[in-house]
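Residues -12 to 1169 in the working numbering are what the sequence shown lists, from first letter to last.
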Amino acid sequence: MTEPLDLCEKCEERSGDVICSCDARFCEQCFVKKHLVRNPKHRRGGNRKAEEAWNWISGKLGNLTSMATQFKEDEEAKWFGLYTDTTKRQDRITSIVETQRLYKIMAESIHYHNNSPRRQFPSITSFVGETGAGKSTLIRSLIYHSEKAKHFYPLEAPVPGATSGSLAIMSTTGEVNLYLDPTTFGTESPTFYADCEGMLGTEPVAVQHQSEWARYGKRYPVAAKDGKRMDRRTAVQTLYPRFLYIFSDVICYVTRNHKAWADSALRLLEWSMVGAQSTINQHALPALIIILNGPTLDNECWVSGDPEAATKDFFLAIEKEISENSVIRALAEKHGDQTMKELFCRSFSSVHVHYVPLEGYKSLGTTAKVVEQTTKLASRIRNDSQRVQLMRADSWAKFDTRQLSLVVDYAFAHLASGKTEPFDFGQCRQQLSIPDTTEEHFSEVLGYCLQGQIEKKFQATAQTLASSLLRHTISGEKKDLVLLPSVVFNKDIQALCARAVSQFLDKNARCAFVDPNSGQRCVNTRMGHAQGHQNRMGRLLKAGLFVSDNFDSQGFLTAVETAVHGMMYGINNKAPSGRREWRRYAAEAHRENLAELRLLNSFPRMSDGVIQHDIGSTSVCYGCFFGRPEYLLPCNHVICVSCVEDFDETPKEKQYPGSFTHKSCIICAATSSKWPYRVRVKPDLAGVRVLSLDGGGVRGIVELIVLQKLEKLIGLGLPLDQLFDFMVGTSAGGIITIGLGVQGRKVSDCIDRFRKFIDAGFKSKPVTKVRGIGWVARWFRGSIYRTQPLEQSLQGAFLPGSFEQFYGLKGPCRVAVTTTVGDDLKIIANYNRGGNGMYLNSELRVWHAARCTSAAPMFFEHTSHSGYDCRDGGMKANNPIQQAVNESKSIWGGKVDFDLLLSVGPGHADKPQRQPSSWNIIPPWLTNLLKTLLSTMDTQDVWNMFDQSAEPRIRDRATRLNVKFEDEFAPALDDIGSVSKMESAAEDHKFYNNSKSSDPQFTPILGQVPVDMLQCLAVRLQASMFFFEMEYMEDNIGMVVIRGWICCRLAPGEAGFKELMNRTKSFDVAEQPCTLDEMWNAGANPAKLSVLIRDSKQNLDKPIRIDVDFGLPYKVAISAFPMTLKTLLDYGNEYSDNLQSLEIVAQAPAELEVIPAKPAISFAKSLDKLPATSIPTAVASS
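Here it is in structure tokens:
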């Protein structure tokens, strides 16, 4: 029932839905037929609900805060803008300042609710136009009337512009603000509204109240032009358009004056041309919506019936301008356009005119009608946005949150640089997209090799691709393949190459159009041809579609196939003895083909000490086009392990398992003073030694003291990166692993640097450590500790290599550190470039990798990397032991053999460190992660869970070292005052050997096992320096005969080699002692002890032991042993083509037998003939 107050004041019967300008309430009939007749100057309002909405949108509500307060609150929405630092009178610096606004709301959208997609593709709609046209009010209306607005109170929306007084002629919004659309927030494609300062460039009202945003944003100094600094008006008219045009899916141009449509058209065309001519290779043009916002015009046709009525009237009204307006006429003639619509479509994918009535003006000015038109506008924006996003997807340029962050950074840096060259979307797209399929890799390679003179480089590129395919087939996993051309270039490979060529033509091949007047060639690709033919400066040469260069795709594939046939024919004539010989000949052919590409300027080459035509960053090895690049060469190119092995240039007489030498770069042929390059690769039959270090803040000193004790017990003078194949660390543990594994430092050096780091890096901000209010203060200030001292101390800790690239193996040890992005665990690895999946891009500086893993929330501010906000890895995995196992399996295969899996903790107590109580001031999604971080500071629980769930073969080789503190509570992350006490506790702590093997036959130590766990670990690591290399195997009539060598990971002359040789008294093979001769003990020659093993196939699961005797009361297994006969047999069968055959006299099965073996010529992958005197012979005693 209608309340009395809601009844019509005239008839008092019907509902009073209409509010008059006199504030009286009427029904529709009484208002039109009675009240307006008597009061013709009165005007219509709306219903009560609509009226309340309009009051909020227009800022008329009585309870609104003061304008100064509104602007202060709105400062949080600032995205970017021009800022001039006036603190220095003589040297005023003008910069573009970018805040964290975009990254913040993208992160909030991803974590909006549990079902929000973790990969989202934001869409930006920019509102530009005349000063005072009502852009801010229009955005407020769109936000208020969105379907899900009620879930976002208090709503973030622009401050509405003044409608009267002196402020009405001033811009309201300063710079560019960014707001979320409640309807799409948290979905796969959230829409963000960019509110741009008015085109007049007058001093906006906001400037009087907003100044903090520029202090904390990222600054890009703007280069002066002709000696003049950029001012606000210039930025609004030239700088902001270039940026917004690049990133907007929809441009909303807002105007009030329908009588000046011709002027608006000219202003809009000039604005769009600034953006359009500042980009090349643009994949999709934005949609344009011209919004006639609240004009003194009443047109029923524009709000009902044909939705394109206003658009048609707009073009009808301005059509004559193409002939009468000299500026527009010049633009049309320049581009060859006949109509105004054609001219607009030069810069926009579509044009639509939308009418929003003036509230209170005549019959269409009802609040309800204004709301209705606003709702239609929101729908139009969503539809246009989706259409443009689809166009982006078709052109491989639909950016997710991470990619958008990176592109934005590239664009800001480019625009601020003052470069005259346009922003190249094609080049940017190549930097963003990480190829993860073989055809994408090939497409990338083709784009690189064929750029420029395609015809000239056609044959050489096909030849190189052919040798790449041959190498890949030979070294592939299917060892039983018959090497025939039809196998190498089979139907699947042909289809893959065809897809790669197609991608190359779409993404990399330039348009063949050449302007007949200037002779300039179009620089756009097929996918980036949305604007037509452009020269390298972005100027439009001519309208038109992509012109193909008549690249013969089928002819290219035929050339590859022909090259495969010819190459295999040539190698076959050399009568290779096996797959290993084929592999060597194929590598030689590939080396020659790469050299040919260098001569054609299609591949990197060294000239006057500088690499010309370099490839830059890539996710594929350019030595073979297939492998994952891992090994960093002195020239900074990175190659895969197959190329390390295949292009080995070690003289035959010096070849040794796992050791390789390159005299020059296979990619650029560099031969500087830093060459030759020598590297060790884990031998096939060697086990993996893993070190896992927990997070713990300053408690990381405990881990270092424990590792120092272990290093001293080993006593070989080797840094730990020579004793471990893989290290993974979190937070403080991540910082330590970088020092130990990436930089190869001794533990004592790391201890000194860690102490200096915590002394200099923990500098608190004012008030953040005051009891009671500290947690609140640190939330608003971002963290307890200042960022600059932290980063400076990290840079100092890793000198002189702080600014070197983290990515790329410089030594034998792989290193990974964990970090947290949102609520996901990510890894930064020196062996994986990353950029997709769980791996972040590892092409960052060493100190920055340490910063990413250790940014503990509330203690330190997060750091940005590759478009992600990185926080402490301990928020998801403070004890990274499981990540260590997972990564080891990913690198070396699921059946990887562990010699040792050592987990070191930061110390633990009966209770973890105390938690703060002020969780309510932290976003919910971050609260959970913070609780995880603090609760998992006692990482012992994580270890206990791992120990219970791990496979027996892994658990048996896993050891935990964690000091027990005497205090009830564990020290806090930042308890600097307790560092000395923690050091003492670690020094005094005794670790006792309590490990038990699930199968005693596979225990790593035989005999009287030491009580001291550190002593056990020390001798196991020493013994792991020895490994077995199979020379040949014969499987015949129930017997298996294996011959091979006991070798050492260290070479003569290397630190620790002589000491290790002196300690080694003998080996036991199958528990039969083998004495060593003087040549072995001298330590002057490579360690190679020949061993022959014969056993029955009935004993496949029986462990075969090879133990080293260091003159102690116990023997210790060498790397990967004990090993079953089946494991050796499987390996021999897999690599049989690389092993020498041996005739075996048939005899009855017998127990395992160790036979003294004479030196023999080796055909193993890594062995060749050595002088007989350098090969000691194992002598077995029965």
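We put the beta carbon where it would ideally sit given N, CA and C, even for glycine.
Out of the options, state which residue places its alpha-carbon closest to the alpha-carbon of residue i.
i: L165; options: T112, G119, P191; result: T112
i: Q197; options: Y140, A365, K968, G68; result: G68
i: H976; options: V689, E427, V808; result: V689
i: R566; options: Q900, H341, P177, E1121; result: E1121
i: L(-6); options: S8, F13, C9; result: F13
i: L1112; options: D1088, C9, G1119; result: D1088
i: L680; options: L402, L827, I725; result: I725
i: P282; options: I267, K349, A304, A499; result: K349
i: F139; options: N26, N981, T170, Q730; result: T170
i: F885; options: G892, S877, V872; result: V872
i: E162; options: K65, T266, A55; result: K65
Which of helix, strand or coil does DSSP assign to residue i?
i: C(-2); result: coil
i: H520; result: strand
i: G3; result: coil
i: L584; result: helix
i: H401; result: helix
i: A1174; result: Look at the range of the chain in this structure, -12 to 1169, and you will see that residue 1174 is not part of it.
i: E1130; result: Confidence at E1130 is low in this model, with a pLDDT of 33, below 50, so the placement of that residue is unreliable and no value is reported for it.
i: Q264; result: coil
i: V1141; result: Low confidence applies here, because V1141 scores a pLDDT of 44, under 50, leaving its location unreliable; read the following figure in that light. Of the three classes helix, strand and coil, the one that applies to V1141 here is strand, per DSSP.
i: T170; result: coil
i: G1043; result: coil
i: G854; result: coil
i: V685; result: helix
i: D381; result: helix
i: H322; result: helix
i: G49; result: No answer about G49 holds up, because its pLDDT of 42 lies below 50 and its placement is not dependable.
i: P563; result: coil
i: C1081; result: For the record, residue 1081 in the displayed sequence is Arg; it is not Cys. DSSP places R1081 in strand when its eight states are reduced to three.
i: Q197; result: coil
Quick check on the DSSP output: the alpha helix (DSSP H) that includes residue i runs from which residue to which?
i: I941; result: 939 to 942
i: P472; result: 472 to 475
i: A957; result: Neither: A957 is in no alpha helix (DSSP H) and is coded neither H nor E.
i: A136; result: Here A136 belongs to no alpha helix (DSSP H), and DSSP marks it neither H nor E.
i: L705; result: Per DSSP, L705 belongs to no alpha helix (DSSP H) and is neither H nor E.
i: E329; result: 327 to 331
i: I963; result: Counting along the chain, I963 falls outside any alpha helix (DSSP H), and DSSP gives it neither H nor E.
Quick one: measure Cβ to Cβ for residue i and residue j, integer angstroms, because I've assumed they're closer than 8 Å.
i: K1207; j: K21; result: Given that the chain is displayed from residue -12 to residue 1169, the structure contains no residue 1207 and the question cannot be resolved.
i: C611; j: C630; result: 5 Å
What is the residue span of the beta strand (DSSP E) that residue i lies within?
i: C1003; result: Run containing C1003: none in the beta strand (DSSP E); it sits in the alpha helix (DSSP H), 1000 to 1010.
i: C183; result: 178 to 183
i: F114; result: 110 to 116
i: R801; result: 801 to 808
i: V241; result: 235 to 242
Any beta-carbon of chain B closer than 7 Å to the one on residue i?
i: F172; result: No chain B is present in this structure, which holds just one protein chain.
Quick check: is any heavy atom of the ligand ADP less than 6 Å from the C-beta of residue i?
i: A657; result: Within the structure as shown, the ligand ADP is missing, as the structure has no ligands at all.
*asked:* Three Cβ pairs or more, each shorter than 8 Å: is that satisfied between the region 730 to 745 and the region 855 to 864?
replied: Contact between the region 730 to 745 and the region 855 to 864 is absent, because fewer than three Cβ pairs lie under 8 Å.
_Three Cβ pairs or more, each shorter than 8 Å: is that satisfied between the region 839 to 856 and the region 383 to 394?_
Yes: at least three Cβ pairs fall under 8 Å.
*Mind the definition here: the region 267 to 286 touches the region 231 to 248 only if three or more C-beta pairs lie below 8 Å; say whether that holds.*
Yes, since at least three Cβ pairs between the region 267 to 286 and the region 231 to 248 fall closer than 8 Å, the two stretches touch.
*Report yes or no: do three or more beta-carbon pairs, one from the region 665 to 678 and one from the region 1102 to 1109, lie closer than 8 Å?*
Yes, they touch.
*With a cut-off of 8 Å, do at least 3 Cβ pairs link the region 582 to 596 to the region 480 to 487?*
Short answer: they don't touch.
*Examine the Cβ distances between the region 509 to 518 and the region 529 to 545 and report whether three or more of them are shorter than 8 Å.*
Judged by Cβ distances under 8 Å, the region 509 to 518 makes contact with the region 529 to 545, as three or more pairs qualify.
*Is the region 809 to 829 touching the region 784 to 797 in the sense that three or more CB pairs, one from each, lie closer than 8 Å?*
Counting C-beta pairs with one atom in each stretch, the region 784 to 797 and the region 809 to 829 have three or more that are closer than 8 Å, which means they touch.
*Evaluate contact between the region 1009 to 1024 and the region 948 to 961, counting only Cβ atoms and requiring at least three cross-stretch pairs below 8 Å.*
Contact between the region 1009 to 1024 and the region 948 to 961 is absent: fewer than three C-beta pairs spanning the two stretches fall below 8 Å.
*At least three beta-carbon pairs within less than 8 Å, the region -1 to 19 to the region 84 to 101*: As far as the Cβ criterion goes, the region -1 to 19 does not touch the region 84 to 101, which means the pair count is below three.
*If we count Cβ pairs, one from each stretch, closer than 8 Å, do we get three or more for the region 832 to 840 versus the region 889 to 899?*
No, because fewer than three Cβ pairs between the region 832 to 840 and the region 889 to 899 fall closer than 8 Å, the two stretches do not touch.
*Please confirm if the region 978 to 989 is in contact with the region 701 to 715, defined as three or more CB-CB distances below 8 Å between the two stretches.*
Contact fails: fewer than three Cβ-Cβ distances are below 8 Å.
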